[in-house]
Amino acid sequence: MVARPLSDNARHGIAVLAAVGLALLMAAPVLPDPTTRALGHAGNDVWNHVWGFWFVFESLAAGELPVRSELLAWPHGGSLWFIDAFNAVLTAPIQAIAGPVAAYNASVVGNLALCGVGAYALGWQVSRSWAGALFCGLAYQTAPHLLGQVVNGISETLAAGWLPLAILAMRAALADPRPRTALAAGVLFGLNGLANWYYGLFAGLALLGLLVRAGMQQVGRPAWGQKLREMAPLAGLGGIMTLCIVALPFDLFLESMSAADAIVTRDPDFVRRTLVEHNMTDLISFFRPGRHYSPDLKAAFDEDLLVIVYLGWSLLLPAGVALVGSARSRALSWAALTALFFLLALGPYLYFAGAYQSVGGAWLALPFLWLFEAIPLFGRISHAYRFAVGCTLGLGVMAALGIASMGTRRLAARAAVALCGARRVESLLLSPAPMPLPWSDATQSPVLASLEGGAVLDLPVTLPVLSRSRFILGQTLHRQPVPFGLNDPLPPYLAANRYTRFLVVLERTRAAVLPTQLPWMDLVAGRAEAQAAGLRWIVMHKAHYDADVLARVRHLLDLTATPVHDDAALRIYRLDSL
Numbered sequence: 001m002v003a004r005p006l007s008d009n010a011r012h013g014i015a016v017l018a019a020v021g022l023a024l025l026m027a028a029p030v031l032p033d034p035t036t037r038a039l040g041h042a043g044n045d046v047w048n049h050v051w052g053f054w055f056v057f058e059s060l061a062a063g064e065l066p067v068r069s070e071l072l073a074w075p076h077g078g079s080l081w082f083i084d085a086f087n088a089v090l091t092a093p094i095q096a097i098a099g100p101v102a103a104y105n106a107s108v109v110g111n112l113a114l115c116g117v118g119a120y121a122l123g124w125q126v127s128r129s130w131a132g133a134l135f136c137g138l139a140y141q142t143a144p145h146l147l148g149q150v151v152n153g154i155s156e157t158l159a160a161g162w163l164p165l166a167i168l169a170m171r172a173a174l175a176d177p178r179p180r181t182a183l184a185a186g187v188l189f190g191l192n193g194l195a196n197w198y199y200g201l202f203a204g205l206a207l208l209g210l211l212v213r214a215g216m217q218q219v220g221r222p223a224w225g226q227k228l229r230e231m232a233p234l235a236g237l238g239g240i241m242t243l244c245i246v247a248l249p250f251d252l253f254l255e256s257m258s259a260a261d262a263i264v265t266r267d268p269d270f271v272r273r274t275l276v277e278h279n280m281t282d283l284i285s286f287f288r289p290g291r292h293y294s295p296d297l298k299a300a301f302d303e304d305l306l307v308i309v310y311l312g313w314s315l316l317l318p319a320g321v322a323l324v325g326s327a328r329s330r331a332l333s334w335a336a337l338t339a340l341f342f343l344l345a346l347g348p349y350l351y352f353a354g355a356y357q358s359v360g361g362a363w364l365a366l367p368f369l370w371l372f373e374a375i376p377l378f379g380r381i382s383h384a385y386r387f388a389v390g391c392t393l394g395l396g397v398m399a400a401l402g403i404a405s406m407g408t409r410r411l412a413a414r415a416a417v418a419l420c421g422a423r424r425v426e427s428l429l430l431s432p433a434p435m436p437l438p439w440s441d442a443t444q445s446p447v448l449a450s451l452e453g454g455a456v457l458d459l460p461v462t463l464p465v466l467s468r469s470r471f472i473l474g475q476t477l478h479r480q481p482v483p484f485g486l487n488d489p490l491p492p493y494l495a496a497n498r499y500t501r502f503l504v505v506l507e508r509t510r511a512a513v514l515p516t517q518l519p520w521m522d523l524v525a526g527r528a529e530a531q532a533a534g535l536r537w538i539v540m541h542k543a544h545y546d547a548d549v550l551a552r553v554r555h556l557l558d559l560t561a562t563p564v565h566d567d568a569a570l571r572i573y574r575l576d577s578l
């Protein structure tokens, strides 16, 4: 009996199941308890994002837009647009049942699966090769850059699956211009931008490329001008759909950052310094295997964030095949788009082998700098290396074309299997992204739920900002305001108040005991002022202290506050009336 070949629908179903299965496999470390284990490194942005999921859910449940928080930056609060509000809304039903950690994990897993599905769908549309499209999806889903973002806990950057779907829809609309295809393109373009503003820009660059290619194909053909005039209303229809989706959220996002009380800001000087001093993109890192990072933030700033742009030779080689085989003509436009993303990913100045390259005594400027200075919204981009997502997608589509050009379907399938194996080996042995992915323990003491009636100060204050963000997770239990924002090293109130400022001094000093003469007048006045402003609780997280510092701070708090709880992890004080 001769086996009947699979239908296209069956093949597509297998691809979807493969993407979901791979996403679950990557999330295996948290599956034993997804409500207390969060994917990502505990010293990174995991806690800020888990808190953000909770904040959006609680705001919407209270019938409020999540654009301001009185719970952060005590005693004043401030304007805030949580950067992953899109996924927080999508996972709200999960949060209602299982809490914010489970919702965060579901977002990570769902977006990784969508990356595989979206890239597969685009690879299939372009190449009509199931084997090539499968590899395209796998390569995109396991991109080292995206896996590095899982480690970093930056959940909105994992929503990269909307990008290939938006490009797919735009291609379909240009190939078959009808109201239905125009609407689909507008919706997917809008959802892609709403999921991540960077990816909205990437889709815009892809659209420009598609329009240029379509224009070049139509010039000189009969009635090409008439065809362009007919397409204009459809383009307007798609644009209106996009605006309906992104206009209000984008306006709220910009307003939240420019507000006088903004909790998160992106002023031009900060963005420029971040680009040049913190988020450099080393040209070598795109191609160099191994645990090399661009830059090594652990060595430079004692941060655990991973900046990964490695593309992988298991992807580069089959993509290169497309440029020398029978698929060359179709691959050239994708190569041009990939080259554009690659060039922009390098940032404002050429950084090579750990140093900026100079010409005539000045750093060698790249096109990113011109766009950064000429276009206001482009000037808010502080992570040029995220353009690596576009590079990976372009190379994945080229790889699909390269596999499709390998003769028979059977030969293409064998090549895809071999490449998938090579990608897996490369991910385990050569990629800068760690495998298995790390997870962070989100277990909290239930005693935090008993803190009521005033603001909570978690100590120590002097931890690295991202490590200290673990403390704001306690707010999901006690629901009281805290002085910390999402990225401020020392909250202004803590620096201004004489009592809390002295606590910070004690954490930073190297003395083994308290000074013999304490500034009692300042301490009493500062404590009274803090209490009048609403500070009620002080929570010491013992595991984050050196023994000497713990003893010193505890001694002062024992003299100035009332201890109400003590266990191996926490010592909690209440500020009573004097």
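Reading the sequence shown from the start, the letters are residues 1 to 578 in our numbering. In this text, a Cβ means the ideal position worked out from N, Cα and C, and glycines have one as well.
Does DSSP put residue i in a helix, in a strand, or in coil?
i: residue 458; result: strand
i: residue 49; result: helix
i: residue 263; result: coil
i: residue 268; result: helix
i: residue 29; result: helix
i: residue 355; result: strand
i: residue 120; result: helix
i: residue 383; result: coil
i: residue 292; result: coil
i: residue 563; result: strand
i: residue 310; result: coil
i: residue 532; result: helix
i: residue 214; result: helix
i: residue 362; result: strand
i: residue 522; result: helix
i: residue 304; result: coil
If you draw a straight line from the C-alpha of residue i to the C-alpha of residue j, how long is it?
i: residue 20; j: residue 292; result: 29 Å
i: residue 61; j: residue 250; result: 22 Å
i: residue 362; j: residue 347; result: 16 Å
i: residue 472; j: residue 47; result: 7 Å
i: residue 538; j: residue 445; result: 15 Å
i: residue 290; j: residue 333; result: 31 Å
i: residue 129; j: residue 405; result: 9 Å
i: residue 501; j: residue 480; result: 21 Å
i: residue 172; j: residue 211; result: 12 Å
i: residue 241; j: residue 103; result: 28 Å
i: residue 518; j: residue 571; result: 22 Å
i: residue 202; j: residue 163; result: 8 Å
i: residue 90; j: residue 339; result: 33 Å
Starting from residue i, trace the alpha helix (DSSP H) both ways and give me its first and last residue.
i: residue 170; result: 162-175
i: residue 555; result: 547-560
i: residue 440; result: Counting along the chain, residue 440 falls outside any alpha helix (DSSP H), though it belongs to the beta strand (DSSP E) covering 439-441.
i: residue 150; result: 144-152
i: residue 396; result: 388-404
i: residue 325; result: From DSSP, residue 325 is part of no alpha helix (DSSP H); its letter is neither H nor E.
i: residue 275; result: Taken as a continuous stretch (DSSP letters only), residue 275 belongs to no alpha helix (DSSP H), as it is neither H nor E.
i: residue 367; result: 367-374
i: residue 192; result: 179-195
Looking at the secondary structure, which residues open and close the beta strand (DSSP E) in which residue i lies?
i: residue 538; result: 535-541
i: residue 570; result: 570-574
Count the other CB atoms within 10 Å of the CB of residue i; is the residue buried (16 or more) or exposed (fewer)?
i: residue 484; result: buried
i: residue 1; result: The predicted model places residue 1 with a pLDDT of 45, which falls under 50 and marks its position as unreliable; any figure quoted below should be read in that light. Exposed is the call here.
i: residue 217; result: exposed
i: residue 152; result: buried
i: residue 282; result: buried
i: residue 460; result: buried
i: residue 521; result: exposed
i: residue 157; result: buried
i: residue 54; result: buried
i: residue 87; result: buried
i: residue 244; result: exposed
i: residue 497; result: buried
i: residue 576; result: exposed
i: residue 81; result: buried
i: residue 52; result: buried
i: residue 329; result: exposed
(request) Please list the segments of the beta strand (DSSP E) lying wholly inside the region 31-99, counting only runs of 3 or more residues, in order along the chain. (result) Entirely contained in the region 31-99, the beta strand (DSSP E) runs reaching 3 residues are, in chain order, 37-39.
(request) Return the chain-ordered ranges of every beta strand (DSSP E) run that is complete within the region 461-516 and spans a minimum of 3 residues. (result) The region 461-516 contains no whole beta strand (DSSP E) run of 3 or more residues.
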